[in-house]
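Residue numbers (this note's numbering), protein chains in the order written: chain H, 1236 to 1504; chain X, -9 to 357.
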Ligand SMILES: Nc1ncnc2c1ncn2[C@@H]1O[C@H](COP(=O)(O)OP(=O)(O)OP(=O)(O)O)[C@@H](O)[C@H]1O
Ligand SMILES: [Mg+2]
């Protein structure tokens, strides 16, 4: 991985705009012609999307546009009816959820689903990158280093004081944070973040935007789905607009906000 | 989902300490029973042979309950076929006991068990080989249930068969085995099964000595299984199992191979049930296909539900209390037992979702 990024670094990348698709080797995520059909209904309709290494990307679109379905397809929850879905050179449509997660693709769900019977600390410990087989889990001992990492994440998500509490008694906003924390613990190369700031205060929203910007640091790529346009603006990254399962527009936030098609289907209403 | 989570929440704080003390006390008391049995019959603390025999049997039931609790209470695998693993363990040791009868059988054949002579079989079928050796039989009592669980579990978990469908599948498994073992041509004694055992490890059965030895062996096995289960449930593996139980489809996205973890715990659980069966058969002196009956598996699940699933103490408490009630009731009013059992199950499900263990926790803060 370090090899490929080194190979790319010295070269000046041509501007993305007005250029045909970047070569596949640059892409961390590569979706081409992806369709998902549920009982005749096209949740994704010939969608193509490329996310490059180190890129932060926002995806917006009206309800039911297929944003979550796109993440389902990448993480193996839903098999595409047709199309190519690749992580680097690896075909993701043949792998199950666990194998895809172990490749380094992590996900935060739209509806936070944490493990209620476990404490906040235990939820993070479960997510921490470590061998996942039963025997390794049985023999697992919490090292000082692991403890420090969990403590750092707890501080980052503001749940240090709640570490020993069962996740069941957290508020909705705290569950959002715990989900984000679990995503961080996995140390993935690609983070798929579905509506992270729903139910957060303005201050927390700012914090989240700063956190995501920091994570997309050149090594990791982050794809964020969000409705909150202020938040998307704060991310300061390329924006993809989905509508009815297909890409409607792509570019800077100002570009898409002024795109008449986007205004018509989404922003104008 | 929050209802199931609550139901399975282990007690905390004071309740937990109380529970441990009760458990330690009960085990100590059990350990004393065979010694009290040796007292003169008119001594105040004398314990009858019947009590030893019955309690020894309950201890093996407690191991079975523990095995079900590990799979169901922790990993959410509601098996309604654990009686089959128990029975297979029993049959394995039963085959050894049959081989030890030797020429003392009714027909006096030096090698063949009576039922084979009766059926006119010329020699032992290959799958009876090796069972004259105790270690081999004991190994098979663990291996055969483990292998069956591996095959059934692999097929089911790989296809993501869960919940009610898995319960039905395991129930069908034990039912099919019952029908198979009823057949004479299977070579397991048909509907009579095995009985009239003479000895085990050079020790004549049906003596006070043998009863005490088997009792202590069962108690030691129970403690060993309890230790193993405690070790597992306190480890990160235990937390993975709980996560699988509560949100199986979520934990996959953290990179855990759910099939692998479920198989691990299901196979281990089946082996524990097999061990329980292996200790049960020499104590009760008989094994027949009735042990495979679907009702047995369901009854064992009821023990765990009554005691409190998702807590190890609950499984033990349930096994002992329900069986104590059963023993008492079947001497007083045997015709009522099944109604009472059904009633208990309904009552526990409706009013005590956390089982008897949940009662202890009532006055706690509820965390
Ligand atoms: N498993 C499914 N079966 C049938 N239809 C589905 C399924 N999953 C999603 N859909 C449909 O596909 C469409 C796209 O859903 P999706 O959840 O991807 O939208 P979204 O862009 O994430 O919307 P939101 O902003 O509300 O989260 C919706 O109309 C939804 O009803
Ligand atoms: Mg969505």
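Using N, Cα and C, we set each Cβ at its ideal position, and we do this for glycine too. Bear in mind the structure is a predicted one, so any value in this text is a computation, not a measurement.
Cut-off 7 Å between Cβ atoms - residues of its own chain near residue 1248(H), not counting five sequence neighbours on either side: Bear in mind that the predicted position of residue 1248(H) carries a pLDDT of just 43, short of 50, making it too unreliable to give a figure here.
In whole angstroms, what is the alpha-carbon distance linking residue 130(X) and residue 1433(H)? 56 Å
At a Cβ cut of 7 Å, what residues of the segment 228 to 247 of chain X count as close to chain H, listed as they run along the chain? Legend: CB atoms of the segment 228 to 247 of chain X lying less than 7 Å from CB atoms of chain H belong to residues 229, 230, 232, 233, 236, 237, 240, 242, 243, 244, 245, 246, 247.
With a threshold of 8 Å, are at least 3 pairs of Cβ atoms found where one atom belongs to the segment 18 to 37 of chain X and the other to the segment 178 to 195 of chain X? no
Does residue 1472(H) come within less than 8 Å of chain X when only Cβ atoms are used? no
In terms of DSSP beta bridges, what is residue 1265(H) paired with? 1285(H), 1321(H)
Indicate whether the contact test is met: 3 or more Cβ pairs, each with one atom in the segment 29 to 40 of chain X and one in the segment 230 to 244 of chain X, closer than 8 Å. no
Hey, which residues come within less than 7 Å of ligand 2, measuring from Cβ to any heavy atom, in chain order? 1302(H), 1303(H), 1345(H), 1429(H), 1430(H), 1460(H)
Which word fits residue 1414(H), buried or exposed, when buried means at least 16 other C-beta atoms lie within 10 angstroms of its C-beta? Within a 10 Å sphere around the beta-carbon of residue 1414(H) sit 16 or more other beta-carbons, which makes this residue buried.
So, are the CB atoms of residue 1298(H) and residue 1480(H) less than 8 Å apart? no
Could you check which residue in 1379(H), 1410(H), 1328(H), 1495(H) has the C-alpha nearest to that of residue 1264(H)? The shortest C-alpha separation from residue 1264(H) is found at 1328(H).
Taking just the CA atoms, how far does residue 182(X) sit from residue 101(X)? 19 Å
Give me the residue from 88(X), 150(X), 47(X) with the minimum Cα distance to residue 123(X). 88(X)
Counting only beta-carbon atoms, is residue 1422(H) nearer than 8 Å to chain X? no
Status (buried if at least 16 other CB within 10 Å, exposed otherwise) for residue 154(X): exposed
Could you spell out the range, first to last residue, of the beta strand (DSSP E) harbouring residue 1475(H)? Following the DSSP letters along the chain, one finds residue 1475(H) inside the beta strand (DSSP E) bounded by residues 1473 to 1478.
Does at least one heavy atom of ligand 1 sit under 7 Å from the Cβ of residue 1505(H)? Chain H is shown from 1236 up to 1504; residue 1505(H) falls before or after that span and cannot be answered.
Relative to the C-alpha of residue 307(X), which residue among 7(X), 51(X), 39(X) is closest? Nearest neighbour of residue 307(X) by Cα position, chosen from 7(X), 51(X), 39(X), turns out to be 51(X).
Is the Cβ of residue 1238(H) closer than 8 Å to any Cβ of chain X? Per-residue confidence for residue 1238(H) stands at a pLDDT of 41, beneath the threshold of 50, marking its modelled position as unreliable; the derived number appears in the next sentence. Put simply, the CB of residue 1238(H) is far from chain X, with every gap to its CB atoms at 8 Å or more.
How is residue 1350(H) classed by DSSP in three states: helix, strand or coil? coil
Quick one: using the 10 Å Cβ neighbour count with 16 as the cut-off for buried, is residue 117(X) buried or exposed? The residue in question, residue 117(X), is exposed, as its Cβ has fewer than 16 Cβ neighbours within 10 Å.
Between residue 254(X) and chain H, is the shortest Cβ-Cβ distance under 8 Å, so that the two count as touching? For residue 254(X), the answer is yes, since a Cβ of chain H falls inside 8 Å of its Cβ.
Answer yes or no: does any C-beta atom of chain X fall closer than 8 Å to that of residue 1367(H)? When Cβ-Cβ separations below 8 Å define contact, residue 1367(H) makes contact with chain X.
To the nearest angstrom, report how far apart residue 1180(H) and residue 299(X) are at their CA atoms. Because chain H is modelled from 1236 through 1504, residue 1180(H) falls outside the range shown and cannot be assessed.
Endpoints, alpha helix (DSSP H) assigned at residue 1448(H): Unbroken alpha helix (DSSP H) run through residue 1448(H): 1437 to 1450.
Helix, strand or coil for residue 144(X)? Go by DSSP, reduced to three states. helix
Anything in chain H within Cβ reach of residue 225(X), meaning under 7 Å, just list it in chain order. Near residue 225(X) (Cβ distances below 7 Å), the residues of chain H are 1372, 1373, 1375.
Using a Cβ-Cβ distance under 8 Å, would residue 222(X) count as near chain H? It does: the Cβ of residue 222(X) has a partner Cβ on chain H nearer than 8 Å.
Mind checking the segment 1484 to 1496 of chain H against chain X and listing, in chain order, the residues whose C-beta falls within less than 8 Å of any C-beta there? Listed by position along the chain: nothing, the set is empty.
Quick one: what's got a C-beta closer than 7 Å to residue 319(X)'s C-beta in the same chain, skipping five residues either side? Taken in chain order, the residues that qualify are 326, 327, 330.
At a CB-CB cut-off below 9 Å, which residues of chain X make contact with residue 1328(H)? Within chain X, no residue comes near residue 1328(H); the closest Cβ sits about 16 Å away, beyond 9 Å.
Where residue 1366(H) sits in the DSSP three-state scheme: DSSP places residue 1366(H) in coil when its eight states are reduced to three.
Thinking C-alpha only, which one of 1323(H), 1317(H), 1369(H) is nearest residue 229(X)? Ranking 1323(H), 1317(H), 1369(H) by Cα distance to residue 229(X) puts 1369(H) first.
Identity of the residues DSSP links to residue 1454(H) by a beta bridge: Answer is none; residue 1454(H) lacks a bridge partner.
State the Cα-Cα distance for the pair residue 1437(H) and residue 1408(H), rounded to the nearest angstrom. The alpha-carbon of residue 1437(H) is positioned some 12 Å away from that of residue 1408(H).
So, at 8 Å on beta carbons, what are the nonlocal neighbours of residue 349(X) in its own chain, with the 5 sequence-adjacent residues on each side left out? Setting aside the 5 residues that flank it on each side, residue 349(X) is surrounded in the same chain by 342, each with a C-beta closer than 8 Å to its C-beta; the list follows chain order.
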